[in-house]
Amino acid sequence: WPYFTLILKGGYYEWIPQFNDEGKKICEFRMWRGPGHFRFCPANSFHRIELKPDVTAWTLFMPGLQKKDWGFLVKNKWIQHEQYFKNRKEIKNAKLG
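Following the numbering used here, the numbering of the sequence shown begins with 1254 at its first residue and continues without gaps.
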């Protein structure tokens, strides 16, 4: 879904992937998002968040209408979130077994 976000306190690094014309990720940009940063993201955008050590982040997150399910980008492939967590659990259990 699309969303708006406003950073109220602290902050985080936001990693934003860039894709070529074939949809393959070619690089990522890291940008610091601090207090007062306001951003709109469309439903088809990707990003990941990285916290600075010893810095918390307080944000106001305002989702729009859900247009599709959410998930993760893994090796240039979108994976629905429930499947992603199921796969992670299976890998973890295999390592413990």
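Ideal placement from N, C-alpha and C gives every residue a C-beta, glycine not left out.
Three-way DSSP call (helix, strand, coil) for residue i in this model
i     : result
Q1319 : coil
F1257 : strand
A1310 : strand
F1299 : coil
K1345 : helix
Whole-angstrom C-beta distance between residue j and residue i, which should lie under 8 Å
i     : j     : result
R1292 : T1258 : 5 Å
Y1265 : A1310 : 5 Å
Straight-line Cα distance separating residue j from residue i
i     : j     : result
R1301 : K1348 : 26 Å
K1277 : W1331 : 11 Å
F1272 : C1280 : 7 Å
Q1333 : G1289 : 31 Å
R1341 : C1294 : 27 Å
M1315 : S1298 : 15 Å
Beta-carbon proximity check, residue i vs residue j, cutoff 8 Å
i     : j     : result
P1255 : G1324 : no
I1269 : G1287 : no
Range of the contiguous beta strand (DSSP E) that encloses residue i
i     : result
G1264 : Counting along the chain, G1264 falls outside any beta strand (DSSP E), and DSSP gives it neither H nor E.
L1326 : 1324 to 1327
K1278 : 1278 to 1286
K1330 : 1330 to 1333
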